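Novice: Under this note's numbering, the first residue of the sequence shown is numbered -10, with each subsequent residue one higher.
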Amino acid sequence: MRTSFSIRRLVKKEAVLVGDLFRVVYGEEYPAAYVYRPEELWAENEKGNTYSLLAFNEEHEPIAHLAMFRSAPNPKVYELGQLLVLPQHRGSGISDCLTQYVTGELDKNAGIEAVFVESVCNHAVSQKLVAKRGYVDTALEMDLMPAEAYQQAQGGAGRVACILQFKEKANAAQRIYLPSCYERELAFCYMGLSPREMRIAVDVLPREGEK
């Protein structure tokens, strides 16, 4: 199905539309409950903790959503998620365009060093979507998402696992020190990410660290 659409950052008066979209697909069970609360959602956007995107059809009706938000300890690392496309508009390329928009934010925003995705494993759409944008598989998170979130959307029978995928800016190679007992495992985890100068740590860890 061919769909004409436009994409833009969330504005305050449209914050209520995000919750309406999620209710269509997930009912009231989506784990990130603030998507249903427009004032809280807009406050997070104003603070720079969340970048919410909406896609609109030619009638200016919301048909899709994607967000980039802080969920990691490092404030320069954002999570990409909350992807939602109304069923009648799936397969029209909206998801890819939303992801491309976010990739542009990573490239031009100095306050963002990396973006990661927890792509669900009850379908492969999200995994493939970000893989072609250069995101690298780094881990499997077993039973991460609650089953209730997918009862309305896909009728899942249990909790849903996720693939953890990362994309970094191309920065100068960093030097990292690996514990010798985990050298092989950690080197494997870094494969596909930005280059690192890997060395074996020879000293014991200090009892008191520095921030």
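Just so it is clear, CB atoms sit at the ideal spot from N, CA and C, and this is done for glycine as well. Since we're looking at a predicted model, the values are computed, not measured.
1) Please classify L10: does DSSP put it in a helix, a strand, or coil?
2) Looking at Q154: is its Cβ nearer than 7 Å to the Cβ of V114?
3) If you compare alpha carbons, which of V149, E130, V104, P64 is closest to H112?
4) How about A103 and E157: are their beta carbons less than 7 Å apart?
5) Just curious, the beta strand (DSSP E) that D132 is in, first and last residue?
6) Helix or strand or just coil, what does DSSP make of H54?
7) If you measure between the beta carbons of R59 and N34, is that distance less than 7 Å?
8) Hey, how far is the Cα of V74 from the Cα of A136?
9) Is it the case that the Cβ atoms of C110 and L133 are separated by a distance below 7 Å?
10) Sort out for me which residues DSSP pairs E94 with in a bridge.
11) Which residue's Cα is closest to the Cα of W31: L(-1), E50, Y19, N46?
12) Give me, in chain order, the residues of the same chain whose beta-carbon lies closer than 8 Å to that of R12; leave out the 5 immediate sequence neighbours on both sides.
13) Tell me whether N34 sits in a helix, a strand or coil according to DSSP, three-state version.
14) Going by other Cβ atoms of all chains shown within 10 Å of its Cβ, with 16 needed for buried, is Y124 buried or exposed?
15) For Y171, is the classification buried or exposed, using 16 other Cβ atoms within 10 angstroms of its Cβ as the cut-off for buried?
Specialist: On the basis of the data shown:
1) Sequence index remark: in the sequence shown, residue 10 carries index 21 (1-based). Correct three-state label for L10: helix.
2) For the purposes of this step, residue 154 is taken as the residue at position 165 of the sequence shown. For the purposes of this step, residue 114 is taken as the residue at position 125 of the sequence shown. No, these two residues do not count as a Cβ contact at 7 Å.
3) Start at 1 with the first residue of the sequence shown, and residue 112 comes out as number 123. The option with the nearest alpha carbon to H112 is V149.
4) For the purposes of this step, residue 103 is identified with residue 114 of the sequence shown, where counting begins at 1. For the purposes of this step, residue 157 is identified with residue 168 of the sequence shown, where counting begins at 1. The answer is yes: Cβ separation under 7 Å.
5) Along the sequence shown, one-based indexing puts residue 132 at 143. That run of the beta strand (DSSP E) goes 125 to 134.
6) For this step, residue 54 is matched to residue 65 along the sequence shown. Strand, per DSSP.
7) As a first step, residue 59 is located in the sequence shown; it is residue number 70 there, counting from the start. As a first step, residue 34 is located in the sequence shown; it is residue number 45 there, counting from the start. Contact: no.
8) Position 85 of the sequence shown, counted from the start, is the residue given in the question as residue 74. Position 147 of the sequence shown, counted from the start, is the residue given in the question as residue 136. Approximately 20 Å between the Cα atoms of the pair.
9) Taking the first residue of the sequence shown as position 1, residue 110 is located at position 121. Taking the first residue of the sequence shown as position 1, residue 133 is located at position 144. No, they are not a contact pair.
10) Working through the sequence shown from its first residue, we reach residue 94 at position 105. Paired residues: none, contrary to the question.
11) Within the sequence shown, numbered from 1, the residue matching residue 31 stands at position 42. Comparing Cα positions, the closest option is L(-1).
12) For the purposes of this step, residue 12 is taken as residue 23 along the sequence shown, with counting starting at 1. Correct list, in chain order: Y25.
13) In the sequence shown, counting from the first residue as 1, residue 34 sits at position 45. Of the three classes helix, strand and coil, the one that applies to N34 here is helix, per DSSP.
14) For the purposes of this step, residue 124 is taken as residue 135 along the sequence shown, with counting starting at 1. Label assigned to Y124: buried.
15) Position 182 of the sequence shown, counted from the start, is the residue given in the question as residue 171. Counting Cβ neighbours within 10 Å, Y171 comes out exposed, since fewer than 16 surround it.
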